[in-house]
Amino acid sequence: MTQKTCILVGAPMDSGKRRTGCLMGPDAYRTAGLAQALRDLGHRVEDMGNLTPASHAPDTGLTKLHAPNETIGWTHRLIRAAEQALQRGLPIFLGGDHALSLGSVAGAANHAARQGRPLFVLWLDAHSDYHTPDTTDSGNLHGTPLGYVTGRPGFGGFPKIENPVPQENICIIGLRSVDAAERAALQQTEIHRHDMREIDETGIGAPLAAFLDRVAAADGMLHVSLDVDFLDPMIAPAVGTTVPGGATIREGHLVMEMICDSGLMTSLDLVELNPFLDDRGRTALLMVDLAASALGRRVFDRPTRAFT
Ligand SMILES: [Mn+2]
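Just add 1470 to wherever you are in the sequence shown, counting from 1, and you've got the working numbering.
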């Protein structure tokens, strides 16, 4: 594939849910060799280091939402970081929990709008993350980024969404944990949704190929958001929201290689890695391998690597 400038953006955001540990994620990806893996593929790599949230009011703990003000601070910071990095290359947001996508996707949408191109979003996740601060039962804002970037109401205090992502430009693959309220809301939308049963029945390549064809036909930019819990917890244990029955290593690599073949990806999130829960770094290493596949590595060109 053509050489790219990959910009690593550390986002040690841990405010999107109550269980802590994702703040260690960016350094786990560095330790797992992400930058070298991308350089070995011929890409230029810049590491912006770890961001901090914009200044924000302290969180009081008096609302049902967990840490809304810190999350708002991160969202401001990440919107700007995404806009700036996209002018120079392909940003890879090293999470941090999935609330970082409130900012990374909103910023990517602003950038795409300035280019006069539509933004498409591929959401690889066990969950649909379509809640709003009004609909969430848990109060965990990592379950809200797709609600936010599509312009759902209820995000008072957050940066205003300037360029909502059209519902039909979003594709979620990997679903297997959607609560009743969220399912009802999703069924009112044009978001493309592919649950694990469909993947079992048709294979993971078919819905992805159809989506990538739509992105290409529209000359779209493509933001890919990879949640660790897209993968099966047997192979990727380092996440606080494990749901059995996730994607296999083969399915993960197939998705990433198809993304690479398409040449369409313009930004990437790696989210929800909690190194505190990992097993000798295996989840971090797998996420690095998947990122490398999305950027040109072919699994069958290299020897098997042991985890121990
Ligand atoms: Mn998620």
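Ideal Cβ placement from N, Cα and C applies to all residues, glycine included. Note that the coordinates shown come from a computational prediction; the quantities given were computed from them, not determined experimentally.
- Burial state of residue 1552 is buried, judged by a 10 Å Cβ sphere holding 16 or more other Cβ atoms.
- With at least 16 other beta carbons inside 10 angstroms of its own, residue 1487 counts as buried.
- With a threshold of 8 Å, the Cβ atom of residue 1613 counts as near ligand 1, since some heavy atom of the ligand is closer than that.
- Beta-bridge partners of residue 1723 (DSSP): none assigned.
- Residue 1590 is bridged by DSSP to 1692.
- The alpha-carbon of residue 1576 is positioned some 10 Å away from that of residue 1589.
- Considered as a whole, the stretch 1560–1619 harbours 1560–1565, 1589–1594 as its complete beta strand (DSSP E) runs of no fewer than 3 residues, in chain order.
- Within the model, the alpha-carbon separation for residue 1749 versus residue 1711 is close to 16 Å.
- If you look at residue 1763, you'll find it in the alpha helix (DSSP H) that goes 1752–1764.
- Residue range 1538–1558 is occupied by the alpha helix (DSSP H) that includes residue 1539.
- Looking at 1591, 1559, 1754, 1597, the one whose alpha-carbon comes closest to that of residue 1684 is 1591.
- At least one heavy atom of ligand 1 lies closer than 8 Å to the C-beta of residue 1599.
- In its chain, beyond the 5 residues on either side, 1617, 1624, 1651, 1652, 1655 have a beta carbon closer than 8 Å to the beta carbon of residue 1605.
- Counting the other Cβ atoms within 10 Å of the Cβ of residue 1768 gives fewer than 16, which makes it exposed.
- Look at residue 1744 here: in three-state DSSP terms it is coil, with no helix or strand label.
- The C-beta of residue 1509 has fewer than 16 other C-beta atoms within 10 Å across all chains shown, which makes the residue exposed.
- A contact between stretches requires three or more CB pairs, one per stretch, nearer than 8 Å, and the stretch 1494–1504 meets this requirement with the stretch 1558–1577.
- In the assembly as shown, residue 1571 is a buried residue. Its beta-carbon has 16 or more other beta-carbons within 10 Å.
- Following the DSSP letters along the chain, one finds residue 1489 in no beta strand (DSSP E), marked with neither H nor E.
- Shown here, residue 1665 sits in a strand according to DSSP, grouped into three states.
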